[in-house]
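Some notes on the structure that comes next.
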Ligand SMILES: Nc1ncnc2c1ncn2[C@@H]1O[C@H](COP(=O)(O)OP(=O)(O)O)[C@@H](O)[C@H]1O
Ligand SMILES: [Mg+2]
Ligand SMILES: [Zn+2]
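In the working numbering, the protein residues as written are 23 to 367.
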């Protein structure tokens, strides 16, 4: 798997450039903070960075700030057998008992390294009792303990916890950074794609390095070579694509897209589900309920509502329709008829 094979192992391999520079500065400074909060969307490198950081401060033959990845400490951390690095997944260990056990661990001195590093993933899942117990330790952490809390949902963490930590914002993957990662993988796998190819994958990656690496792997396995082939391939997966076309309100183009989708063996059930999902988010955004920062589509709330109704009808009809594409086609034609007559009136 590309996304595991090419998981960054050094600070310079972190393609998230802003974070990379920040981490480097922290490692160069004399006083290491004892508690970090890594905040960011999934697949932006929080876990990878936490492990690199743990290596960098425990490596036996550091080169500057970089871990060597060869000494026995680095190797043990890489294989998750290093006793001084404790990883806890708060999604499954969220209660006070688990947190207390972790805190007990902090009182032991490091066995092989300089620091004991406690990585708490999905930290927002910890219960309020758990947070209370953790807070005391975060206030006065032992000299040799370093905490790294990682979360996708900062809003769910108590302010008291946040204020004890140095926050590093991973945000979303930036397009240029994602392209750099794809190029790095492409070069080592000798894929020979052009920049436009990587750029298109980055557009479809949901701002996640992990998703981008997965798409690249899929695409190279399918022997997809050109940007045109890639467009067709991503069209099969692409809910955004159909919505982007619908929003242009060109009935002919839309129907051509559906025909091509059908010709490529696309699955209409999945397509309608995806589009409905997306439309729901868009509707909530329009109504100010969700502050999701997806790109807003160019349809009114009324149009989105009508489209949702029509697509739900199409979804119902899928099973009984002799032609798989027909319910969607009818729904789209009806949508355009409505919209156009509104314009004329
Ligand atoms: N900054 C990055 N640079 C390069 N690859 C990255 C980066 N962040 C994530 N990846 C890719 O995504 C995968 C998942 O990253 P991970 O650190 O587990 O993200 P998170 O913990 O934020 O969900 C990695 O194995 C790697 O392939
Ligand atoms: Mg993670
Ligand atoms: Zn090392």
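Cβ atoms here follow ideal geometry from the backbone N, Cα and C, with glycine treated the same way.
- The alpha-carbon separation between residue 139 and residue 145 amounts to approximately 15 Å.
- For ligand 2, a non-hydrogen atom lies closer than 7 Å to the CB of residue 143.
- Residue 166 and residue 105 have their C-alpha atoms roughly 14 Å apart.
- With 16 or more neighbouring CB atoms inside 10 Å of its own CB, residue 208 falls in the buried class.
- With a threshold of 7 Å, the Cβ atom of residue 163 does not count as near ligand 3, since no heavy atom of the ligand is closer than that.
- About 6 Å separates the beta carbon of residue 129 from that of residue 164, a gap short enough to meet the 8 Å contact definition.
- Distance check between residue 297 and each of 250, 266, 340 places 266 closest, using alpha-carbon atoms only.
- Taking 7 Å as the cut-off, one finds no heavy atom of ligand 2 near enough to the beta carbon of residue 182.
- In this chain, the alpha helix (DSSP H) harbouring residue 79 covers 68-80.
- Residue range 57-62 is occupied by the beta strand (DSSP E) that includes residue 59.
- Apart from sequence neighbours up to five positions away, the residues of its chain that approach residue 92 with a beta-carbon distance below 8 Å are 83, ordered along the chain.
- Taking C-beta atoms as the reference points, residue 64 and residue 174 count as a pair closer than 8 Å.
- Assigned with DSSP and collapsed to three states, residue 156 falls in helix.
- By the criterion of at least three beta-carbon pairs nearer than 8 Å, the segment 145-155 is in contact with the segment 115-131.
- Any heavy atom of ligand 3 within less than 7 Å of a residue's beta carbon puts that residue on the list, which reads 77, 81, 82, 83, 84, 89, 90, 91, 92, 93, 95, 96.
- Between residue 148 and residue 116, the CB-CB gap stays under 8 Å.
- Residue 85 sits in a strand when the DSSP states are folded into three classes.
- For ligand 1, no non-hydrogen atom lies closer than 7 Å to the CB of residue 55.
- Under the DSSP assignment, residue 173 falls in the beta strand (DSSP E) whose first and last residues are 167-173.
- Runs of the alpha helix (DSSP H) lying entirely within the segment 231-280 and spanning at least 4 residues, in chain order: 231-243, 249-259, 261-269.
- Taking 8 Å as the cut-off, the beta carbon of residue 268 is found no closer than this to the beta carbon of residue 336.
- The closest heavy atom of ligand 2 lies 7 Å or more from the beta carbon of residue 322.
- Around the CB of residue 68, 16 or more other CB atoms lie within 10 Å, so the residue is classed as buried.
- For residue 172, the shortest C-beta to heavy atom distance toward ligand 2 is below 7 Å.
- In the DSSP assignment, residue 111 forms a beta bridge with 143.
- Here DSSP, grouped into helix, strand and coil, assigns residue 38 to coil.
- With respect to residue 354, residue 252 sits apart: the two C-beta atoms are not nearer than 8 Å.
- When secondary structure is reduced to three states using DSSP, residue 329 falls in the helix class.
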